[in-house]
Amino acid sequence: MRARSPGPGLRKTAGLPVVQRRRVDLWQSNDYRWRELFETADVMSEGATRVEPDGPVYYGSTSVLLTLTSCGGLVPDADAEQLLALVPRDPHARLRAVRVACLEAQLRSGGTLGRVQAEVTVKRDPRGIRVDIDVEADVHALDSAETG
Numbered sequence: 172m173r174a175r176s177p178g179p180g181l182r183k184t185a186g187l188p189v190v191q192r193r194r195v196d197l198w199q200s201n202d203y204r205w206r207e208l209f210e211t212a213d214v215m216s217e218g219a220t221r222v223e224p225d226g227p228v229y230y231g232s233t234s235v236l237l238t239l240t241s242c243g244g245l246v247p248d249a250d251a252e253q254l255l256a257l258v259p260r261d262p263h264a265r266l267r268a269v270r271v272a273c274l275e276a277q278l279r280s281g282g283t284l285g286r287v288q289a290e291v292t293v294k295r296d297p298r299g300i301r302v303d304i305d306v307e308a309d310v311h312a313l314d315s316a317e318t319g
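For my numbering, add 171 to where a residue sits in the sequence shown, where the first one is 1.
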């Protein structure tokens with residue numbers, strides 16, 4: 172007598188349909204408007220350069236708050252939920268967020284940044300949409316004041 176296999180048994184597949192219909196939402200954003208939103212955003216950063224065995228590395232995070240119009244910003248209150256879903260998926264928005272974080276990292280690192288690794292997280296905030304960017308980058312050519 173043969174032992175049963177632990178998985179499901181063999182079964183004939185059903186035929187594939189001749190035609191399938193699929194509806195897709197297509198979103199279009201405007202880079203100029205993203206630029207306006209990120210240029211007027213509230214930015215807060217923290218981070219520092221640490222000396223690692225392979226050389227100095229900058230670790231930090233930047234929070235960018237895209238403020239609602241009801242709180243004095245440029246994000247229309249009616250569009251907040253759509254933008255909350257769109258920011259992590261839109262390459263223009265992500266690139267602008269990472270550029271803000273890289274600029275902040277460059278100012279805080281005490282040297283020239285090498286390759287940057289960034290992780291972007293988007294959250295709803297009572298005042299708007301908060302984009303958090305965690306940054307890690309190799310630091311080249313540290314300023315002499317930083318090295319001692």
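The C-beta atom is built at its ideal place from N, Cα and C for all residues, glycine as well. Keep in mind it's a predicted model, so treat the numbers as computed, not measured.
*asked:* Please list the terminal residues of the continuous alpha helix (DSSP H) segment that includes SER280.
replied: 262 to 280
*Tell me, to the nearest whole angstrom, how far the beta carbon of VAL271 is from that of VAL235; I am working on the premise that it is less than 8 Å.*
6 Å
*What residues in its chain sit with their C-beta under 6 Å from that of ARG265, if we drop five residues either side in the sequence?*
VAL291
*Residue range of the beta strand (DSSP E) that includes LEU236*: 226 to 238
*asked:* The beta strand (DSSP E) that contains ALA308, what's its start and end?
replied: 299 to 311
_On a Cα-Cα basis, can you pick out the residue from ARG192, SER200 and ARG193 that is closest to ARG260?_
SER200
*SER216 - DSSP class collapsed to helix/strand/coil*: strand
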